[in-house]
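> What follows is a single structure, and I will ask about it in a moment.
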Amino acid sequence: VEQYEIDVIIDSGDTMDHGSAAENGFLDPIRDLGAPYVWVRGNHDSTVTQDYLEKFRNVRVLDDGKAVNVGGLRIAGTGDASFTPDRTAPVGGKAAAQLEGARLATALRDQERAGTPVDIAVAHDPNTARATDGTVPLVLSGHLHRRINEQLKLGTRLKVEGSTGGGGLRAVQNEKPEKVHASVLYLDRSTRRLQAWDEITLGGLGLTTAEVSRHLPEENLKKDSRGSPSPTPSSAPSSPSATRSPGRPTPSP
2 VEQYEIDVII
12 DSGDTMDHGS
22 AAENGFLDPI
32 RDLGAPYVWV
42 RGNHDSTVTQ
52 DYLEKFRNVR
62 VLDDGKAVNV
72 GGLRIAGTGD
82 ASFTPDRTAP
92 VGGKAAAQLE
102 GARLATALRD
112 QERAGTPVDI
122 AVAHDPNTAR
132 ATDGTVPLVL
142 SGHLHRRINE
152 QLKLGTRLKV
162 EGSTGGGGLR
172 AVQNEKPEKV
182 HASVLYLDRS
192 TRRLQAWDEI
202 TLGGLGLTTA
212 EVSRHLPEEN
222 LKKDSRGSPS
232 PTPSSAPSSP
242 SATRSPGRPT
252 PSP
């Protein structure tokens with residue numbers, strides 16, 4: 002956060018393994034990160050996790066399409082439709098995730114009609130995130146433990162982050178530790194459109210390798226941008242998931 006001068010941290014969920022109250026203490030360092038922290042519930046996070054985080058002054062919890070203004074950006078999101086550790090509850094799977102995505106897309110369209118369009122949407126499951134195509138310039142998700150960067154059919158850019166927390170028990174269960182991923186996003190201050198991003202990869206538990214690579218959206222390499230939903234215009238500085246405007250990054254768990 003200090004090295005990249007991060008304006009806003011965006012966490013797309015699965016901060017916990019079991020969503021238990023006993024795990025809540027591991028969340029306490031978030032209070033001292035020195036930047037606003039935007040969070041959505043993943044399928045391993047419970048309402049107990051969510052309630053605990055909502056008490057932190059620097060944390061903004063997003064659920065049910067709720068939108069907040071943080072660092073000059075308007076960000077909306079929803080919690081995951083499933084809670085995997087609860088074996089007594091039916092697992093909704095892809096259909097439940099897509100239904101949650103349809104609800105989020107409706108909330109985003111309502112914001113647009115109200116004159117307060119959203120710049121970034123956040124949902125843990127990529128199946129939820131994909132349902133927002135055409136309603137927001139950029140949607141962030143997680144869940145898959147691997148990175149995906151994709152321009153969707155109606156112009157929304159989908160960015161799926163890897164395991165920023167090292168994958169929980171996967172750090173010690175597998176032959177090789179889970180790599181640690183984070184991304185720093187650079188957004189234009191006036192258009193709030195994504196201009197570039199840095200992908201940071203660490204070797205994982207017990208390893209000391211580190212790699213940083215810079216990427217540009219395809220449309221920035223062409224003279225004319227095509228069809229991406231337009232972000233909220235603003236003269237104010239903006240900063241996102243670890244999000245930053247050009248000249249300043251923003252990382253996203």
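Take 2 as the starting number for the sequence shown in the working numbering and just add one per residue. C-beta: ideal position from N, C-alpha, C; glycine also.
#1: If you run the structure through DSSP and keep just helix, strand and coil, what is TYR187?
#2: Would you check if the region 7-16 and the region 139-156 touch, i.e. whether three or more CB-CB distances between them fall below 8 Å?
#3: If you draw a straight line from the C-alpha of GLN152 to the C-alpha of ARG158, how long is it?
#4: Note the first and the last residue of the continuous beta strand (DSSP E) segment covering ASN128.
#5: Using a 10 Å radius around the Cβ and a threshold of 16 neighbouring Cβ atoms, would you call ARG75 buried or exposed?
#6: Once the 5 residues before and after VAL213 are set aside, which same chain residues still bring their CB inside 6 Å of it?
#7: Using C-beta distances below 8 Å, list every residue in its chain close to ARG110, excluding the 5 sequence neighbours before and after it, in chain order.
#8: Would you report the Cα separation of GLY102 and ALA77, rounded to the nearest angstrom?
#9: What is the DSSP secondary structure of ASN150, reduced to helix, strand or coil?
#10: Across which residues does DSSP place ARG215 in a beta bridge pair?
#11: Rank VAL49, ARG148, GLY66 by C-alpha distance to the C-alpha of PRO127 and give the top, closest one.
#12: Ordered along the chain, which non-local residues of its own chain (more than five positions away) have a Cβ less than 8 Å from that of THR133?
#13: Count the other C-beta atoms from every protein chain shown that fall within 10 angstroms of the C-beta of GLY66, then say buried if there are 16 or more, exposed otherwise.
#14: Which same chain residues, not among the five before or five after VAL119, have their C-beta less than 6 Å away from its C-beta?
#15: Given a cut-off of 8 Å on the beta-carbon distance, is the pair VAL2 and LEU34 in contact?
#16: Distance check for LYS177 and GLY211, CA to CA, integer angstroms please.
#17: Among residues of its own chain, excluding the 5 on either side of MET17, which ones have a beta-carbon nearer than 6 Å to its beta-carbon?
#18: Please state whether DSSP places THR16 in a helix, a strand or coil.
#19: Kindly list the residues whose CB is nearer than 7 Å to the CB of LEU54, restricted to its own chain and excluding five residues on each side of it in sequence; keep chain order.
#20: Given SER226, which residues of its chain have a CB within under 7 Å of its CB, disregarding the five upstream and five downstream residues?
#21: Quick one: what's VAL60 bridged to in DSSP?
#22: What residue range does the beta strand (DSSP E) around THR107 cover?
Looking at the coordinates:
#1: strand
#2: yes
#3: 4 Å
#4: Unbroken run through ASN128 is the alpha helix (DSSP H), 127-131; no beta strand (DSSP E).
#5: buried
#6: ASP199, ILE201
#7: Once the five neighbours on either side are set aside, the close Cβ partners of ARG110 are THR136.
#8: 12 Å
#9: strand
#10: Per DSSP, ASP199.
#11: Here the closest residue by C-alpha is ARG148.
#12: GLY102, LEU105, ALA106, LEU109, ALA122, ALA124, VAL140, THR157
#13: buried
#14: ALA68, ARG75, ALA77, LEU109, GLN112, VAL137
#15: yes
#16: It is Ala, not Gly, that sits at residue 211 in the sequence shown. Roughly 15 Å separates the two Cα atoms.
#17: GLU24, HIS45, ASP46, THR50
#18: coil
#19: LEU28, TRP40, VAL60, VAL62
#20: Low local confidence applies: a pLDDT of 49 at SER226 is under 50, so the model's placement there is unreliable, with the coordinate-based value given in what follows. Around SER226: GLU220.
#21: TYR38
#22: From DSSP, THR107 is part of no beta strand (DSSP E) but of the alpha helix (DSSP H) over 94-114.
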